[in-house]
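Numbering-wise (the working numbering), the sequence shown opens with residue -17 and increments by one. Virtual Cβ for every residue (Gly too), placed ideally from N, Cα, C. One structure below.
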Amino acid sequence: MDVADLHGGESLPVAALDLVLPASLELQHLELRQAALRNDFPDHFGLGGLRAGNDFLVVGADGEDVFKLAATHDAAVILCYVQGPTVRQVGDFRFHDDMLTEIGRYFRDLTAQATRCGVTKCFIDPGLGFYYNNLQDSRLRINYQLNTFVHCFRLHELGYPTFNILPHAPEIFLADERRAAEPFFSVLALLGGTHVIRSHEVRTVHRIRQVMDLYES
């Protein structure tokens, strides 16, 4: 399944309305699934996105209104682990002794809420791309991302496909090797059991996935 992410979640609401929706309409003829929305945008943006052909809604924290909207249009929902009301309203990141246990508990509650609202298709995203006051680009951030990648298989018990972004680790790869970062992290993500990868380096990561698919233990 090919999915085009239009980056609506990284735009201001007005910019998303002006730029993402027209692009979504233009992409429909390519037969690509589209994901461009987040639950801290105005309701009319979510509805407009679904009418324009988006098949996914991106949700963090409490997203009951978005769940109902997704159920009405039979859209899939990408659920994000967020320590705050939305990814735009976070403080310090709270580390737990076992983060995967905490993330699993979070998603059990959120998927149950989605199911009660009529959602039938969910993906679970540990939210590795989000920034917090105490979790900026650093060794700490990279270590947390690496640990989450290699233990992602533990989330399989929830019964939903897992979804992960690929970091850039700019303090290591710097500007000259920036494009090498996502392919590197994709290997760990795939080894750890990530089902769906969000990447800018589509061609390279696709070929890495093809190689990984050849592996037999």
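| query | result |
| --- | --- |
| Report the rounded CA-to-CA distance for Ala17 versus Ala57, giving the unit in angstroms. | The pLDDT assigned to Ala17 is 49, lower than 50, so where the model puts this residue is not dependable, and the model offers no usable value. |
| Exposed or buried, Tyr113, counting other C-beta atoms within 10 Å across all chains shown (16 or more means buried)? | exposed |
| Find the nearest neighbour of His182 within the set Gly45, Ala162, Leu196, Arg136, judged by alpha-carbon distance. | Ala162 |
| Just tell me which of Leu128, Met81, Val59 has its CA closest to the CA of Gln65. | Met81 |
| What residue range does the alpha helix (DSSP H) around Arg90 cover? | 81 to 98 |
| Would Asn116 and Asp79 qualify as a contact pair, given that the criterion is a beta-carbon distance under 9 Å? | no |
| Which of the three DSSP states is assigned to Ala162 in this structure? | helix |
| Taking contact to mean at least 3 C-beta pairs separated by less than 8 Å, is the segment 130 to 139 in contact with the segment 93 to 103? | no |
| Tell me which same chain residues have a C-beta within less than 6 Å of the C-beta of Tyr88, skipping the five on either side of it? | Tyr63 |
| Closest to Ile186 by CA distance: which of Arg90, Val101, Phe167, Asp119 is it? | Residue identity differs from the one stated: residue 186 is Thr in this sequence, not Ile. Measuring from the Cα of Thr186, the nearest candidate turns out to be Phe167. |
| Is Asn146 helix, strand or coil by DSSP? | strand |
| So, for Leu173: in the same chain, excluding its five sequence neighbours on each side, which residues have a beta-carbon less than 6 Å away from its beta-carbon? | none |
| Just curious, the beta strand (DSSP E) that Val59 is in, first and last residue? | 58 to 62 |
| Which residue from Leu51, Arg191, Gln192, Pro165 puts its Cα closest to that of Arg98? | Leu51 |
| Could you pull the DSSP bridge partners for Val178 from this structure? | Phe145 |
| Would a C-beta distance cut-off of 9 Å place His177 and Phe145 closer than the cut-off? | yes |
| So the candidates are Pro149, Pro143, Glu46; which of them puts its Cα closest to the Cα of Val101? | Glu46 |
| Is Arg90 near Leu140, with beta carbons less than 9 Å apart? | yes |
| Short of 6 Å in beta carbon distance, which residues of its chain neighbour Ile124, apart from the five on each side in sequence? Order them along the chain. | Ala151 |
| What residues match up with Tyr126 in a beta bridge as DSSP calls it? | In the DSSP output, where bridge partners are listed per residue, Tyr126 has none listed. |
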